[in-house]
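Here our numbering is used: the first residue of the sequence shown is 8, the next is one more, and so on. Here a beta-carbon is modelled for each residue, glycine too, at the ideal position from N, C-alpha and C. Given the structure is predicted, the values throughout are model-derived calculations rather than measurements. Encoded as structure tokens, the structure appears first; notes follow it.
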Amino acid sequence: MADLRRVMSVFATGITVITVGGDFPNGMTANAFGSVSLDPPLVLCCVSRTARLHGALSAGGSFAVSVLSAEQEEIARRFADHSRPHGWGQFAPPGWRLGRYTGAPLLDGALAWLECEVIQETVAGDHSVFVASVLDAATGGDRPALLFHGSAFHELRRVPAADVAD
Ligand SMILES: Cc1cc2nc3c(=O)[nH]c(=O)nc-3n(C[C@H](O)[C@H](O)[C@H](O)COP(=O)(O)OP(=O)(O)OC[C@H]3O[C@@H](n4cnc5c(N)ncnc54)[C@H](O)[C@@H]3O)c2cc1C
């Protein structure tokens, strides 16, 4: 079998930053995020079992998700960098506000925000799959999304309508 990481790199995804607040605030860049159910509203994320964020979610915690815009590549890189500061220090400008339901940071300039509460954890290999109830969700401005494809960041561009086959 070909290397799974290389194969999956051709599957383009959006990019989020998953955040937790409280006494041990943290943020983590994640593309293993998706919608599970509309009624009730559920999402999932997959988090490495060795990630700092894993402990916070494992405790049945709540978290927020900021869906990044194309202008936020630096933020995606920052929250994937192991050498970033711990605690509030990693939430440097351009700014954020605390989520009303979770107390987790919601990043300014994101395309959308969700506040979620973990309802189920399934250990899956070296990651855990967290299914979470959506407590609140909102969209920001209508701007291009940040994408991850081929192990690189990209900006989403609309395919011209004339190029789309029926
Ligand atoms: C585009 C993209 C998408 C990603 N999607 C996901 C995702 O969906 N789920 C996910 O779990 N992760 C994902 N990551 C990786 C994640 O963003 C980083 O690992 C992040 O640093 C984790 O944050 P943390 O604070 O939870 O853990 P950290 O404390 O940063 O540590 C996370 C892991 O890195 C190891 N580590 C710590 N320091 C170092 C170091 N100096 N050198 C090497 N390894 C070290 C730790 O042992 C641990 O295994 C993604 C990264 C990118 C760039």
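How is R164 classed by DSSP in three states: helix, strand or coil?
Looking at R164 - three-state DSSP - the assignment turns out to be coil, as it is neither helix nor strand.
Given this structure, state the Cα-to-Cα distance separating L49 from P100, to the nearest angstrom.
30 Å
Under a three-way DSSP split, which group does C8 fall into?
Rather than Cys, the amino acid found at residue 8 in this sequence is Met. The answer is coil: DSSP assigns M8 none of H, G, I, E or B.
Endpoints, the alpha helix (DSSP H) within which R104 is located:
Per DSSP, R104 lies in no alpha helix (DSSP H); the unbroken beta strand (DSSP E) holding it starts and ends at 103-105.
For the alpha helix (DSSP H) holding I61, just list the boundary residues, first then last.
Here the sequence assigns His to residue 61, which means Ile is not the residue at that position. Its alpha helix (DSSP H) spans residues 59-65.
Taking C-alpha atoms, which residue in H61, F70, N38 lies nearest to V27?
F70
Excluding five sequence neighbours on each side, which residues of the same chain lie with their C-beta closer than 7 Å to the C-beta of R59?
N33
Nearest to F155 by alpha carbon, out of A9, R13, A139?
R13
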